[in-house]
Amino acid sequence: YLAAEENPGYKGEAGESKPLAGTNRASRRFTGEKIKYRLVAVPHGNDIASLFELDPTTLQKTDSFVPRNSYVRLRHLCTNTWIQSTNVPIDIDEERPIRLMLGTCPTKEDKEAFAIVSVPVSEIRDLDFANDASYMLSNVVDKMNEGFLSQNDRRFVIQLLEDLVFFVSDVPNNGQNVLDIVITKANRERQKLMREQNILKQIFGILKAPFKEKGEEGPLVRLEELSDQKNAPYQYMFRLCYRVLRHSQEDYRKNQEHIAKQFGMMQSQIGYDILAEDTITALLHNNRKLLEKHITKTEVETFVSLVRKNREPRFLDYLSDLCVSNHVAIPVTQELICKCVLDPKNTDILIQTELRPVKEMSQTHEYLSIEFSEEEVWLTWTDRNNDHHEKSIRQLAQEARAGNAHDENVLSYYRYQLKLFARMCMDRQYLAIKEISKQLGVELIFLCMADEMLPFDLRASFCHLMLHVHVDRDPQEKVMPVKFARLWTE
1 YLAAEENPGY KGEAGESKPL AGTNRASRRF TGEKIKYRLV AVPHGNDIAS
51 LFELDPTTLQ KTDSFVPRNS YVRLRHLCTN TWIQSTNVPI DIDEERPIRL
101 MLGTCPTKED KEAFAIVSVP VSEIRDLDFA NDASYMLSNV VDKMNEGFLS
151 QNDRRFVIQL LEDLVFFVSD VPNNGQNVLD IVITKANRER QKLMREQNIL
201 KQIFGILKAP FKEKGEEGPL VRLEELSDQK NAPYQYMFRL CYRVLRHSQE
251 DYRKNQEHIA KQFGMMQSQI GYDILAEDTI TALLHNNRKL LEKHITKTEV
301 ETFVSLVRKN REPRFLDYLS DLCVSNHVAI PVTQELICKC VLDPKNTDIL
351 IQTELRPVKE MSQTHEYLSI EFSEEEVWLT WTDRNNDHHE KSIRQLAQEA
401 RAGNAHDENV LSYYRYQLKL FARMCMDRQY LAIKEISKQL GVELIFLCMA
451 DEMLPFDLRA SFCHLMLHVH VDRDPQEKVM PVKFARLWTE
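Positions 1 to 490 (the UniProt record's numbering) are the ones given, in order, by the sequence shown.
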């Protein structure tokens, strides 16, 4: 509710010369020093200072209702003053202040009229839901800070977080897995509500409070114990929190900057399977300013250690996303990733590629379906148990097609590795080009591009690699084609 209170910046009218006609309003608007009362938000509507009278700008019958979509002047009943606008910012702590103070003056001025605009029911419903959700989440954070959260409370907060995921993503709940929801078109108004109604603040509270030490009792839960079955509800709760954060920042720069203020906390929770790394990558992707500010050698080494620990292709994909922003390479992060990934001590996380002579010439007709070559491509790798494996890329593709899950996973991992290599070399990053071209030469890449035995997505990855490792580099240079066609007027 809006109410009027005395303006601390008010300096009074005493001792000042009377201003010329027409300048009084301008001085009030720009300095705010002659505004005796200002409007502030109060939590309850039973405050008498929150009573205002609507005075229509058009002539109305006595005691008739003020029509909707009309213009009115507002009289504050307690002080018998009229509401007026100013140019005095009130959100001075923000980087770009956008909110201006509303004040009062003793005289009614024609120009100080305000429009009465009806709000759609859907917006009111969204605001009520966001406001109630923020209140309930704040209660949960308080209970977590006290060191106790009952089983019913956990069920309730999980249900509320699931509802928030559907709310911010603007997707109907049809019983689908809430963690698999993908936003097709971001709802900017709902994303804005998440920030303005302090839901994001409460989400970060839930992600921090359970891990705070409570003296001798210890924290409510420990990060390293989240994988235990007894902590499964907490793990799912935190995954939902990070999913809410991810959807809240989708294509919305202001929320991205707001969430990035907690980057240090999110980084400390990477690697515990609660989608922290997924959210960080989505937050930084296509935001060059945040990427260059927050990605350092430490972050890159953390992601590489996750690749080694989990051997999952998604972590390679996270690294490749950090190399570019809006399809343009970022040399700073490219260099950090190149130095770390191509470091000899990290060769165990990469699948090595090499050409070997074809041992057996009596293969099936399908195997020799492309033009005969005396060499074939082999992949060698080390698994998480340090066991060495090697297999030809064609054999991997054949067995993956036949339903061999292990070989299918190896090919998927290799495809994401090629994508990472292409991104590392993008826009002529010679630190990567010089190393990668030693192992993945033109002949080898051509052989894989032309091999119809390989999956289409893998062959496409070799095409991208060829472009960024061997084509877009010295001594090639861009040649602008001659424009032969021209308009008659030219």
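For glycine and all other residues, C-beta sits at the position ideal for the given N, C-alpha and C.
Please read all numbers here as calculations on a predicted model, not as lab measurements.
Less than 7 Å separating the Cβ of residue i from some heavy atom of the ligand NAP?
{"i": "residue 449", "result": "As for the ligand NAP, it is missing from this structure, which has no ligand bound."}
For residue i, count neighbouring Cβ atoms within 10 angstroms of its own Cβ and tell me buried if that reaches 16, exposed if not.
{"i": "residue 28", "result": "With a pLDDT of 47 at residue 28, under the threshold of 50, the predicted position of this residue should be treated as unreliable, though the coordinate-derived value follows. Residue 28 should be labelled buried."}
{"i": "residue 278", "result": "buried"}
{"i": "residue 419", "result": "buried"}
{"i": "residue 415", "result": "buried"}
{"i": "residue 363", "result": "The predicted model places residue 363 with a pLDDT of 48, which falls under 50 and marks its position as unreliable, so this point remains unresolved."}
{"i": "residue 243", "result": "buried"}
{"i": "residue 323", "result": "buried"}
{"i": "residue 30", "result": "Unreliable placement is indicated for residue 30, whose pLDDT of 47 sits below 50; the coordinate value is still reported in the next sentence. Exposed is the call here."}
{"i": "residue 71", "result": "exposed"}
{"i": "residue 23", "result": "At residue 23, the pLDDT of 47 sits below 50, so the modelled position is not reliable and the matter cannot be decided from this model."}
{"i": "residue 276", "result": "buried"}
{"i": "residue 343", "result": "exposed"}
{"i": "residue 165", "result": "buried"}
{"i": "residue 348", "result": "exposed"}
{"i": "residue 140", "result": "buried"}
{"i": "residue 124", "result": "exposed"}
{"i": "residue 250", "result": "buried"}
{"i": "residue 15", "result": "Its pLDDT being 41, under 50, residue 15 is placed unreliably by the model, and nothing is read from it."}
{"i": "residue 393", "result": "buried"}
{"i": "residue 488", "result": "exposed"}
{"i": "residue 469", "result": "buried"}
Are any of the Cβ atoms in chain B nearer than 8 Å to that of residue i?
{"i": "residue 225", "result": "Of the chains in the structure shown, none is chain B; there is only one protein chain."}
In the DSSP assignment, what residue or residues form a beta bridge with residue i?
{"i": "residue 76", "result": "52 and 81"}
{"i": "residue 37", "result": "6"}
{"i": "residue 325", "result": "328"}
{"i": "residue 71", "result": "115"}
{"i": "residue 357", "result": "375"}
{"i": "residue 103", "result": "38 and 84"}
{"i": "residue 352", "result": "380"}
{"i": "residue 390", "result": "380"}
{"i": "residue 89", "result": "100"}
Let me check understanding here. Comparing Cα to Cα, which of the options lies closest to residue i?
{"i": "residue 222", "options": "277, 268, 398 and 302", "result": "268"}
{"i": "residue 290", "options": "260, 479 and 347", "result": "260"}
{"i": "residue 205", "options": "453, 142 and 274", "result": "142"}
{"i": "residue 121", "options": "129, 152 and 471", "result": "129"}
{"i": "residue 316", "options": "351, 251 and 137", "result": "351"}
{"i": "residue 4", "options": "471, 37 and 242", "result": "37"}
{"i": "residue 9", "options": "242, 432 and 89", "result": "89"}
{"i": "residue 246", "options": "433, 308, 235 and 180", "result": "180"}
{"i": "residue 110", "options": "140, 134 and 58", "result": "58"}
{"i": "residue 337", "options": "299, 108, 358 and 345", "result": "299"}
{"i": "residue 355", "options": "42, 183, 348 and 391", "result": "391"}
{"i": "residue 313", "options": "456, 417 and 171", "result": "417"}
{"i": "residue 327", "options": "295, 93, 357 and 286", "result": "286"}
{"i": "residue 199", "options": "288, 258, 405 and 175", "result": "258"}
{"i": "residue 73", "options": "53, 62 and 263", "result": "53"}
{"i": "residue 441", "options": "426, 153 and 462", "result": "462"}
{"i": "residue 325", "options": "292, 306 and 185", "result": "292"}
{"i": "residue 42", "options": "263, 2, 66 and 340", "result": "2"}
{"i": "residue 150", "options": "114, 134 and 210", "result": "210"}
Under 8 Å between the Cβ atoms of residue i and residue j?
{"i": "residue 69", "j": "residue 35", "result": "no"}
{"i": "residue 491", "j": "residue 421", "result": "Only positions 1 to 490 of the chain appear in this structure, which leaves residue 491 out of reach."}
{"i": "residue 189", "j": "residue 240", "result": "no"}
{"i": "residue 334", "j": "residue 424", "result": "yes"}
{"i": "residue 207", "j": "residue 265", "result": "yes"}
{"i": "residue 439", "j": "residue 353", "result": "yes"}
{"i": "residue 194", "j": "residue 160", "result": "no"}
{"i": "residue 274", "j": "residue 235", "result": "yes"}
{"i": "residue 131", "j": "residue 202", "result": "no"}
{"i": "residue 467", "j": "residue 377", "result": "no"}
{"i": "residue 168", "j": "residue 191", "result": "yes"}
{"i": "residue 311", "j": "residue 384", "result": "yes"}
{"i": "residue 304", "j": "residue 255", "result": "no"}
{"i": "residue 476", "j": "residue 331", "result": "no"}
{"i": "residue 481", "j": "residue 397", "result": "no"}
{"i": "residue 270", "j": "residue 319", "result": "no"}
{"i": "residue 39", "j": "residue 102", "result": "yes"}
Please determine if the stretch 46–64 and the stretch 74–89 are in contact, where contact requires at least 3 C-beta pairs separated by less than 8 Å. yes
Assess contact between the stretch 210–230 and the stretch 279–286, defined as three or more Cβ pairs (one per stretch) separated by less than 8 Å. Is contact present? no
Determine, using beta-carbon pairs with one atom in the stretch 395–411 and one in the stretch 439–450, whether at least three such pairs fall under 8 Å. no
Tell me, please, whether the stretch 81–97 touches the stretch 134–149 by the rule of three or more beta-carbon pairs shorter than 8 Å. Too few Cβ pairs lie closer than 8 Å, so no.
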